[in-house]
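Colleague: Using the numbering used here, you'd call the opening residue of the sequence shown number 12 and step up by one each time. All residues carry an ideal CB built from backbone N, CA and C; glycine is no exception. If you're wondering where the values come from, they're calculated on a predicted model, not measured in any experiment.
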Amino acid sequence: LFTCVCVSAIPVTLLDTRTVPGELKWAANPAEGGWEEVSIMDEKNIPIRTYQVCNVLEPSQNNWLRTDWIPRSGAQRVYVEVKFTLRDCNSLPGVTGTCKETFNLYYHESNEDRESYIKESSFIKVDTVAADESFTQVDVGDRIMKLNTEIRDVKVTTRKGFYLAFQDVGACIALVSVRVFYKTCPLTVRNLATFPDTVTGADTSSLVEVRGSCVNQSEEREEPKMYCGADGEWLVPIGGCFCKPGYEEQGGACKACSAGFYKSKSSDPGCSKCPPHSRSLRDGANVCDCHTGFFRADFDPPSMACTRKKPPSAPQQLISPPRNHTLCLPCGSDVLFSPDQTGLQTTRMVVSRLRAHTHYTFIVYARNGVSLVSGAGASQSASVSLTTNQAAPSPVSSIQLTDVTRHSLSLAWQQPDRPNGVILEYEVKFYEKDQRERSYRIMRTFLRSVDVAGLNPLTVYVFHVRARTAAGYGEYSAPTCLLLSGDIAAKLARDSWEVIKLLVFVAGLFIQLVFLAFLFIHPSPPSFLVHFRLPSVVGVKIYVDPFTYEDPDQAIHEFAKEIDVSNIHIERVIGIGEFGEVCSGRLRSQGKREIYVAIKSLKAGYSDKQRRDFLSEASIMGQFDHPNIIRLEGVVTRCKPLMIITEYMENGSLDAFLRKHDGQFTVIQLVGMLRGVASGMKYLSDMSYVHRDLAARNILVNSNLVCKVSDFGLSRVLEDDPEAAYTTRVRLIPIRWTAPEAISYRKFTTASDVWSYGIVMWEVVSYGERPYWDMNNQDVIKAIEEGYRLPAPMDCPVVLHQLMLDCWERERGDRPSFSQILNMLDKLIRNPGTLPPGTMLESRVGSEVCVSVVPEVCVPPWSMYEWLQSIGLERYRDVLAAAGYSSLESLLMDRLGIITPSHQDILIASVQQEMLSQMQHMQHSMVPV
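1. Pull up the CB-CB distance for phenylalanine 373 and serine 394, whole angstroms please, since I reckon it's below 8 Å.
2. Can you tell me the Cβ-Cβ gap for threonine 168 and glutamine 87, rounded? I've got them flagged as a contact below 8 Å.
3. Assess contact between the region 293-305 and the region 243-251, defined as three or more Cβ pairs (one per stretch) separated by less than 8 Å. Is contact present?
4. Pull up the distance between the alpha-carbon of threonine 205 and that of tyrosine 273, whole angstroms please.
5. Can you tell which of Gln675, Tyr117 and Ile567 has the C-alpha that lies nearest to the C-alpha of aspartate 624?
6. With a threshold of 7 Å (Cβ to nearest heavy atom), would arginine 826 be considered close to the ligand PLP?
7. Report the residue from Ala377, Ser349, Arg359 and Leu397 whose alpha carbon sits nearest the alpha carbon of histidine 370.
8. Mind checking who aspartate 164 pairs with in its DSSP beta bridge?
9. Thinking C-alpha only, which one of Lys111, Lys130 and Thr109 is nearest tyrosine 117?
10. Rounded to whole angstroms, what is the Cα-Cα separation between isoleucine 553 and histidine 702?
11. Identify whether threonine 195 lies in helix, strand or coil by the three-state DSSP scheme.
12. Work out the CA separation of aspartate 619 and glutamine 565 for me, nearest whole Å.
13. Starting from isoleucine 587 and walking both ways along the beta strand (DSSP E), at which residues does that stretch end?
14. Can you say whether methionine 684 is buried or exposed, counting buried as having 16 or more other CB atoms within 10 angstroms of its CB?
15. Can you check DSSP and say which residues form a bridge with lysine 236?
16. Can you tell me whether threonine 942 is buried or exposed, with buried defined as 16 or more other CB within 10 angstroms of its CB?
17. Using only the alpha-carbon positions, how far apart do valine 810 and tyrosine 607 sit?
18. Return the CA-CA distance between glycine 354 and threonine 491, expressed in angstroms with no decimal places.
19. From valine 219 to glutamate 260, what does the alpha carbon distance come to, in whole angstroms?
20. Under the rule that 16 or more other beta-carbon atoms within 10 Å means buried, what is asparagine 788, buried or exposed?
21. In this structure, does DSSP put tyrosine 756 in helix, strand or coil?
22. Short check: CB of arginine 201 to CB of valine 91, under 8 Å?
23. Thinking glycine 779 and leucine 669 are a contact (beta carbons under 8 Å), I'd like their distance in whole angstroms, please.
24. With a CB to CB cut of under 7 Å and the five nearest residues on each side skipped, what residues in its chain are close to lysine 671?
25. Rounding to the nearest angstrom, what Cα-Cα distance links valine 362 and leucine 347 in this structure?
26. Who pairs with arginine 479 in a beta bridge, going by DSSP?
27. List the whole-angstrom C-beta distance separating glutamate 161 from valine 93, where the pair is believed to meet the contact cut-off of C-beta under 8 Å.
28. What are the complete alpha helix (DSSP H) segments, minimum 4 residues, inside the region 279-328?
29. Considering Cα atoms alone, identify which of Gly691, Pro557 and Ser217 is closest to aspartate 636.
30. If distances are taken between C-alpha atoms only, which option among Pro827, Tyr238, Glu231 and Asp575 comes closest to cysteine 252?
31. Can you look up glutamate 47 in the DSSP assignment and give me helix, strand or coil?
32. Note down the Cα distance separating valine 31 from arginine 583, rounded to an integer number of angstroms.
33. In the DSSP assignment, find the alpha helix (DSSP H) that holds tryptophan 773 and state where it starts and stops.
34. Beta-carbon within less than 8 Å of serine 269's beta-carbon, same chain only, minus the 5 sequence neighbours each way: which residues are those?
35. If you run the structure through DSSP and keep just helix, strand and coil, what is leucine 524?
36. Please list, in chain order, all residues of the same chain as lysine 266 whose beta carbon is under 7 Å from its beta carbon, the five residues on each side excluded.
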C-alpha cells in the first residue's frame, strides 16, 4: 500500500536536570562570580537544581556554563529543551547599556569525558536564545515567575557524545531545567510487516529507509519498506506480506483457519468455508478433502465442490465440417481466446488474431467434476477445421536510403513481417514536409526498392510505403523524413559519419559566437548549449474526452503507459493532493537513464467516481506532447495504490515561485514565462481542448524556469479559501479566473481560456498577487459586469496591460487567439526595447509617427546592435559590422545556408526563445534561495 502513516514519535531522554539526584556540579567559567548552582522548589513543591546569573551592572560579561559529557546513544540529531526565567532590563534601575535579555547555546562533540575545563574556542554556536516572557520586580514580590520554554535541535554525528554550554553576556537569568532527548519512530506493524524502533536521521528533512520483516506465518508479496521521518513519524509504507495458505489476517497477525474452513493461496483475502461434500478436520488447512465416495479432479480448484457424477459425453454438432490435413503445429501465444481457452462455462467462444490464409483445427473437450479422476473415466472431445481468408499485409518496416543526389534518391525496404499472402506490388507515397500531405506523389513497383527523381534540393521529404496482396493494401509504414541538400546529401550516401561531423561543425559556428561572447562577462563558461530545432510536422491531433469511454480502464490503457511499480523509487513526500499523497522519486526504465519524477497516488477507501476522476487526468495528459505541457511518464493500475507518474518540476507552482522571488526578474524574463504558457495553451487549443482552470497555481516551473501547463483533472478542489469558487449545479468555478459567459451560462471555450490567460498575465507581472485582492466572489462578478478590469500592476509595461485588456473583452469573439498572443509575445521578445514600464510603442515611417499599444503595428526592425544591447554584448557591434552582419538574420542565414523564408523565421524564433531561456536560467542561478 502507499499511504502516509502517522504514529506518534517516542522521545528518548539523554539528560533531564529535574530527575538528577543531588547537585549537578557543572563546570563554570569563571568559577566565582558567574553562573551559580541554586536549589529551588518547582511548581509541585519538589526541590530541583538550577543555575542563575545576574551580573547586569558590570559591562562585558562572558560567563560560561558547561554540562557533563552526554553520550548520544546512536542519536544523529538531539533536541535541547531549556526552561528559564529572565528579568526585564527596563525594570532594573541604572543598568543602561549593560543589561541583556538573551543568552547563547553552544555544543562540542567528544568521544569521551576528558574535558575538565571549558575551552571556549572548541564549541560551536547553536543559537541565540531570547525570552518570550520576562518578569519585573513587581512579579518577584507577587511570586509570579514567567517561565519560558525554548527547544533547539543539534546535529551530532561525528563523536560518541557531546557537551552543551550556555554563555551569559549580561542577563539576569535562571536556567530552571534542561532536557536533552532524541526522537525515534516507534515499533509498529504495517501490512503484516514489523518495523523496529528506528532513530531519526541527521537532517530535518531526511527520511531513513527501513526494511520490515514479515510477521509469523506470513510471506513477502513485495519488499516491505517504510521511511522514518525527522519528526519520528513513519511515512510512505511500500509493499507488505501475505498470510500463508491456511492462515488469514486478524489484528495485524496471521491466525490459522478453523476446522471446516480453508485458504488455498496467500493472495486469497481470508479463510473460506469448505465447499459441498468436503471437510477439513484440523486448523490451518489449505484444502478441504472430499467425503468418501465423492471426487474432485487434480486440476480442479480447491473451491470446486466434490461430486459423484460420471464424465460427460463428447460435444455435439460443432460448426464447420472437418478436413484432412497432414501437419499441424500448436497455436502460438499470439492467438487470443475469449473469454478463455480453458475453464469455459458456455458453449460459445471467440478466437482472434489468427493468421490469414492459414488452416486451423480446434478440438473441444467436455468434462465435469470427476473427469480424469482415477477410475472415473476421461474427458470427451470433438474437433472442427477451417482455413482463414486472405488479409491485407502488415506495414512495411526498415526503409533505408541507398543513394542520393541533388535531385533524386533511392530507397529500399524489407518485406512486411506478416505478408498474409503473396505480395503483388508496393506503393510509395511521398511529399514535401511543409505540405503536410496536401500535395503528394505516388509510385508503384514490384520490387522492394525504388528510384525517385525530380526532387527539389535543400528540401525535407516524407516517404511512406505499403504493400498489396489479393486482399488489398495494408497500412502505410511510419513516416521516413529525408533531406536533399546537395553535396551534403551526396556525402551522406558515401559516409554518414562525415556528414554528422560536418553538420555539427556548421551548427557549432553560431554556438561558438554566443559561447565566446559570454566568456567575456562570466568568470567561467556557462553550462548551456543553443539547440536549433525545426518543429516536427505531424497531422492535426484532436483531443479525445476519456469520459466518453464506458470503461475508464480502456481510456487509460489507450493513452497512458503502464509502469512496473518495481521501477519506481519513492524518496520523499512533497505534498498532499486532492486524491492522496504526492511524492518525489526516481523512475528507472530499461535502456534509459534514471529520471526524477513526481508521483500522485490515490488514497485508500476511494469511491468509483474518485477512481474514474483520478484516472481521467492521466488519460488527458497522455494525449499531450509539448514542451510547455506537463509530461506524463505513465501510470500504475495493476496494483494498489493507483499512481500517476509525471515529470518532476523543481520550482513548484508559478504563483508560489513568483511570490518567493518577488521583484527579482526582469520584464523580459517574465514575458518569457508568459510565452511558455501561451505556447502550451496554443497547443491545447489546436487540439480542441479547453482547460477551464487556467491559473498561475496550475502552471509548474522547472529548474530552467520553463513554465508548463498542468492540472487536467475535471473534479478538484480549487483553493483552500471557500470564497475561491462559485458553486453551480455541476462543479466549482474559479470565479477570479473565469470569463463572464462561463460563469453565467457555462460556455467554456478557448476564448474563455484566453480570459483566464489574461488573469495569469496579471498574476505573473504582479509576482503572484491575488486577483481582485480581498473582494468576495459576488463583488468580483458584479464589478466585471459593470465593466471593471484589473489595473496594471506596478512597473507593468503598457503594451502588456493592453494585451491583458484584450483578453478581457466582454465579447468572446473580440478576444485574441492563443496564436495571436504567441505572435505578440514573440515580437516583444525580439524587441526588448519596447518593454520599459509605462511606455507606448513608437516608430517613425518617413514624416509620420506611429503610436500604438498593439505590437504588430509599430515593431521596429530587429537590428544586430539592439539584439546585442538586449543581452549586454553591444561591445561586439563593430566587429560584426566589419564582417558585414547588420542583423542576426543575416548572421544565421550566412552561417547556416538556410534560404527558405519560412524556415528562416522558424529558426530565428527558436534561437531567440532558446537564448531567452538560457538568460533566465543564468538569472535564476543568481537568485538567493
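Modeller: Quick look at the numbers:
1. About 6 Å separates the beta carbon of phenylalanine 373 from that of serine 394, a gap short enough to meet the 8 Å contact definition.
2. That belief holds up - the Cβ atoms of threonine 168 and glutamine 87 are roughly 5 Å apart, short of 8 Å.
3. No, they do not touch.
4. Approximately 26 Å between the Cα atoms of the pair.
5. Looking from the CA of aspartate 624, the closest CA among Gln675, Tyr117 and Ile567 belongs to Ile567.
6. Because no ligand of any kind appears in the structure shown, any question about the ligand PLP cannot be addressed here.
7. For the options Ala377, Ser349, Arg359 and Leu397, the alpha carbon positioned closest to that of histidine 370 is the one of Leu397.
8. Note: aspartate 164 sits in a beta bridge opposite Tyr90.
9. Checked all of Lys111, Lys130 and Thr109; the closest Cα to tyrosine 117 is Lys130.
10. In this structure, the straight-line span from the alpha carbon of isoleucine 553 to that of histidine 702 is close to 14 Å.
11. Note: threonine 195 maps to strand in three-state DSSP.
12. The C-alpha of glutamine 565 lies about 15 Å from the C-alpha of aspartate 619.
13. Taken as a continuous stretch (DSSP letters only), the beta strand (DSSP E) holding isoleucine 587 covers 579-587.
14. In this structure methionine 684 is buried. Its beta-carbon is surrounded by 16 or more other beta-carbon atoms within 10 angstroms.
15. The partner list for lysine 236 (beta bridge, DSSP) reads Arg222 and Ile249.
16. Any question about residue 942 goes unanswered here, given that the chain covers just 12 to 940.
17. One C-alpha to the other measures close to 39 Å.
18. Between glycine 354 and threonine 491, the C-alpha separation is close to 47 Å.
19. Cα to Cα, valine 219 sits roughly 28 Å from glutamate 260.
20. Buried.
21. Reduced to three states, the DSSP call for tyrosine 756 is helix.
22. Their beta carbons are not under 8 Å apart, which means arginine 201 does not touch valine 91 by this criterion.
23. By a beta-carbon distance limit of 8 Å, glycine 779 contacts leucine 669. Their separation comes to about 4 Å.
24. Same-chain partners within the cutoff: there are none.
25. Our two residues, valine 362 and leucine 347, have alpha carbons roughly 6 Å apart in a direct line.
26. Paired residues: Glu436 and Tyr484.
27. Contact flag correct, Cβ pair sits at about 5 Å.
28. Counting whole runs of 4 or more residues, the region 279-328 contains no alpha helix (DSSP H) stretch at all.
29. Taking each of Gly691, Pro557 and Ser217 in turn and checking the Cα distance to aspartate 636, the smallest one comes out for Gly691.
30. Nearest of Pro827, Tyr238, Glu231 and Asp575 to cysteine 252, Cα basis: Glu231.
31. DSSP, reduced to helix, strand and coil, places glutamate 47 within a strand of the structure shown.
32. Each residue's Cα considered, the two are about 40 Å apart.
33. Taken as a continuous stretch (DSSP letters only), the alpha helix (DSSP H) holding tryptophan 773 covers 761-776.
34. The beta carbon of serine 269 sits closer than 8 Å to those of Cys282 and Asp294, all from its chain and outside the five residues before and after it, given in chain order.
35. Confidence at leucine 524 is low in this model, with a pLDDT of 49, below 50, so its placement is unreliable and the value that follows should be read with caution. Looking at leucine 524 - three-state DSSP - the assignment turns out to be helix.
36. Excluding sequence neighbours, lysine 266 sits near Tyr258 and Glu259.
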